[in-house]
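Here is the structure we will look at, set down as C-alpha cells.
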Amino acid sequence: MTSTTEQLAAQVSATTLLRFATAGSVDDGKSTLVGRLLHDSKSVLADQLEAVEHASRSRGQEAPDLALLTDGLRAEREQGITIDVAYRYFATPRRRFILADTPGHVQYTRNMVTGASTAELTVILVDARNGVVEQTRRHAAIAALLRVPHVVLAVNKMDLVDYAEGVFGAIAEEFTAYATELGVPEVTAIPISALAGDNVVEPSARMDWYAGPTVLEHLETVPVSHDLTGCHARFPVQYVIRPQTAEHPDYRGYAGQIAAGAFRVGEEVTVLPSGRTTTVSGIDLLGEAVDVAWTPQSVTLLLADDIDVSRGDVIVPSADAPATTQDVEATVCHVADQPLAVGQRVLLKHTTRTVKAIVKDIPSRLTLDDLSQHPAPGSLVANDIGRVTVRTAEPLPMDSYAHSRRTGSFLLIDPADGTTLAAGMAGESFAAPAEAPGADDEGWDF
-12 MTSTTEQLAA
-2 QVSATTLLRF
8 ATAGSVDDGK
18 STLVGRLLHD
28 SKSVLADQLE
38 AVEHASRSRG
48 QEAPDLALLT
58 DGLRAEREQG
68 ITIDVAYRYF
78 ATPRRRFILA
88 DTPGHVQYTR
98 NMVTGASTAE
108 LTVILVDARN
118 GVVEQTRRHA
128 AIAALLRVPH
138 VVLAVNKMDL
148 VDYAEGVFGA
158 IAEEFTAYAT
168 ELGVPEVTAI
178 PISALAGDNV
188 VEPSARMDWY
198 AGPTVLEHLE
208 TVPVSHDLTG
218 CHARFPVQYV
228 IRPQTAEHPD
238 YRGYAGQIAA
248 GAFRVGEEVT
258 VLPSGRTTTV
268 SGIDLLGEAV
278 DVAWTPQSVT
288 LLLADDIDVS
298 RGDVIVPSAD
308 APATTQDVEA
318 TVCHVADQPL
328 AVGQRVLLKH
338 TTRTVKAIVK
348 DIPSRLTLDD
358 LSQHPAPGSL
368 VANDIGRVTV
378 RTAEPLPMDS
388 YAHSRRTGSF
398 LLIDPADGTT
408 LAAGMAGESF
418 AAPAEAPGAD
428 DEGWDF
C-alpha cells in the first residue's frame, strides 16, 4: 500500500509547476520573448491579441508588438521598456508555468531580485550584436546569489547577425565561463530570434547548425525538484488560533505555511528561539485532521504541551534544529535609493518575525567585472551587492541560504518609513565554482 507521502509525490509530479524569470539588459527583447512564448503556445486569448494588434497599429507598426502582452504600464508602452515585474501564468499539456518578466534597466535591478527570488529557472537574454555586457553579468551574479538552479542563456536577435553560428558560440563560451566562476550549476545556451519566432516554440529552419531544444521545449523538460522530505523542516508561526467557544473550549492551534520539509503527528519538535520542546499532537489541513503535512501547505499545528508560542516563532524538528544567532553574516542586494551604511539602525524581517537590528560592518562590495571584492566600502548604494554583518536585538533561527531559500533569506527595512533597503541571503555568498563542462556540439548545452 502506498504511503500518504508517496501519494502526494505522485500528485505533484502529475501537475508539475515551473517558476521562471526573464532577465537581461535593456532592449535585449525580454518582453518580446515572453509575448512570443504566450502567442506561439496558444496561451493568449483572442481579445488580448486583438487589443495588442490595435495598440500596435495605433503606434504605426504593421505587425503586432508582442511585448505589449506583458508591458502593461502606460510608461512602459510609451518608452518601450519594462519597469515593473510582470507576472504571467500559462500552461502547456506538459507543464504549468508562472513567469516573471523583469526589467533590464540598471535602476530597476531591484525588481529582478524580486522576480528571481522564487524562480527555479532564469532566462538571461543577450543581444547577439552586443554580447555579454555589464547588466548581463549583474543578472548572472544575482541568479547565482539567489541559488537559481537552472540558467538559460538566450542569445537573441540572431536574425540581425545573419544567424551566424560563430557569433552564438563566442557569446555562449564567454557567458558560461563567467557563470562557472559564480558557481552556477547549469547553463543551457539557445540561439533565438524572439521577433521572428526562431527556436522559441518552434525549431528554426535558419539555424540548422543548432540541434538543441527550443526555449519552450527546455522549459517543459527541465527537471524540477519537488522533494518533500529532503530539506530541513521549518514552520514559521503566523497566527495563534484560540476560538474559546463551547465547541472548542481548549483549542490552541498555531497556523502558518510550512516553509520547508514535512511535519508528522507524534514528532518531537522544538520552538525557537525559546528552545522549549514538545510533540505534535495533531495537524489540521483545510478543516480536516491529517497525519503528515509538507511544504508549501498552510496548516495548523497542535502541540501536546501548553507552552508559550507566538507569531514569529519557528517550530522545527528537535533532531534538526538550527542554531539561533544574533550575528547575521550575509550577502545583500541593496534595492533602495538611500544608501546602507555601517552603524545604521534597521529592522530585519525573517519569515514571520521582525526584529530591531544594527549594521555592524560592511566588509566588502562585489565588483561585477572580475568578481573581485572591494574591501571596506563603508556603505552600499542602489543595486550594489555586498557582504554585511548585522547584529539583531533578539536571537533568530536562521538557516544558511544555501540550505533553505525560505528560511535563509531576510529583508532589511528602514524603521522610519518601512522602505525595503536590502534583500539578504545568509551564509556564503556564491556556491563553489562548478567544474566547467565542455561544449556539447549537438545540443549546445554549456
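The working numbering puts the first residue of the sequence shown at -12, with every later residue one more than the last.
Glycine is no exception: its CB is placed at the ideal position from the N, C-alpha and C atoms.
For clarity, every value in this text was computed on a predicted model and none was experimentally measured.
| Item | Value |
| --- | --- |
| Tyr226 bridges to which residues according to DSSP? | Ala242 |
| What is the rounded straight-line gap between the Cα of Ser391 and the Cα of Arg221? | 9 angstroms |
| Under three-state DSSP, which class holds Gln122? | helix |
| At the level of alpha carbons, what is the spacing between Tyr74 and Ala409? | 22 angstroms |
| Which full runs of the beta strand (DSSP E) of 3+ residues lie inside the segment 303 to 364, going along the chain? | 312 to 321, 332 to 337, 340 to 354, 359 to 362 |
| How long is the line joining the alpha carbons of Gly405 and Arg134, rounded to whole angstroms? | 27 angstroms |
| Note down the Cα distance separating Lys347 from Pro136, rounded to an integer number of angstroms. | 31 angstroms |
| Distance check for Gly395 and Lys144, CA to CA, integer angstroms please. | 38 angstroms |
| Rounding to the nearest angstrom, what Cα-Cα distance links Arg64 and Val21 in this structure? | Caution is warranted here: a pLDDT of 38 is assigned to Arg64, below 50, making its placement in the model unreliable, and no coordinate value can be reported. |
| From the DSSP output, in three-state form, read off Phe162 for me. | helix |
| Look at the Cβ atom of Asp88, then the Cβ atom of Thr9, and state whether they are nearer than 9 angstroms. | yes |
| Confirm, please, whether the CB-CB distance from Arg352 to Gly330 is below 9 angstroms. | no |
| Roughly how many angstroms separate the alpha carbons of Ile70 and Thr341, rounded to a whole number? | Caution applies to Ile70, whose pLDDT of 46 falls short of 50 and renders its modelled position unreliable; the value that the coordinates give is listed next. Going by the C-alpha atoms only, they are around 29 angstroms apart. |
| Keeping to the same chain, check which residues put their C-beta closer than 6 angstroms to that of Ala192; ignore five residues upstream and five downstream. | none |
| With three or more beta-carbon pairs closer than 8 angstroms as the criterion, would you say the segment 304 to 312 touches the segment 281 to 291? | no |
| Taking 8 angstroms as the cut-off, is the CB of Ala344 close to at least one heavy atom of the ligand FMN? | With respect to small molecules bound, the structure shown includes none, and the ligand FMN cannot be examined in it. |
| Does the beta-carbon distance from Leu327 to Arg125 come in below 9 angstroms? | no |
| So what's Phe155 in DSSP terms, helix, strand or just coil? | helix |
| If we count the other Cβ atoms within 10 Å of its Cβ and call it buried at 16 or more, is Arg83 buried or exposed? | exposed |
| Can you check DSSP and say which residues form a bridge with Phe417? | Note: Phe417 sits in no beta bridge, so no partner. |
| Does the structure place the segment 178 to 191 close enough to the segment 242 to 250 that three or more beta carbon pairs sit under 8 angstroms? | no |
| Using a 10 Å radius around the Cβ and a threshold of 16 neighbouring Cβ atoms, would you call Pro362 buried or exposed? | exposed |
| For Val267, report the span of its beta strand (DSSP E) as first-last. | 263 to 272 |
| I need the straight-line Cα distance from Asn117 to Gly11, nearest angstrom please. | 12 angstroms |
| Expressed to the nearest angstrom, what Euclidean distance is found between the alpha-carbon atoms of Phe7 and Thr109? | 5 angstroms |
| In whole angstroms, give me the CA-to-CA distance for Trp196 and Glu254. | 57 angstroms |
| Would you say the segment 235 to 249 touches the segment 374 to 393, given that touching needs at least three Cβ pairs under 8 angstroms? | yes |
| In whole angstroms, what separates the C-alpha of Asp371 from that of Thr123? | 15 angstroms |
| Does Leu(-5) come out as helix, strand or coil in the three-state DSSP assignment? | A caution first: Leu(-5) carries a pLDDT of 44, below 50, which makes its placement in the model too unreliable to give a value. |
| On a CA-only basis, which of Val315, Asp324, Thr175, Tyr76 is nearest Glu415? Give me that one, please. | Val315 |
| Going by DSSP, what residues sit across from Phe276 in a beta bridge? | Note on identity: in this sequence residue 276 is Ala, with Phe being the wrong assignment. Its beta-bridge partners are Asp271. |
| By a C-beta neighbour count over all protein chains shown, 10 Å radius and 16 as the cutoff for buried, is Ser180 buried or exposed? | buried |
| Roughly how many angstroms lie between the CA atoms of Asp237 and Gln325, to the nearest whole one? | 49 angstroms |
| Give the straight-line distance between the Cα atoms of Ile436 and Thr407, rounded to the nearest whole angstrom. | Any question about residue 436 goes unanswered here, given that the chain covers just -12 to 433. |
| With DSSP as the reference, identify every bridge partner of Trp196, one or two as the case may be. | Looking at the DSSP assignment, Trp196 forms no beta bridge with any residue, so it has no partner. |
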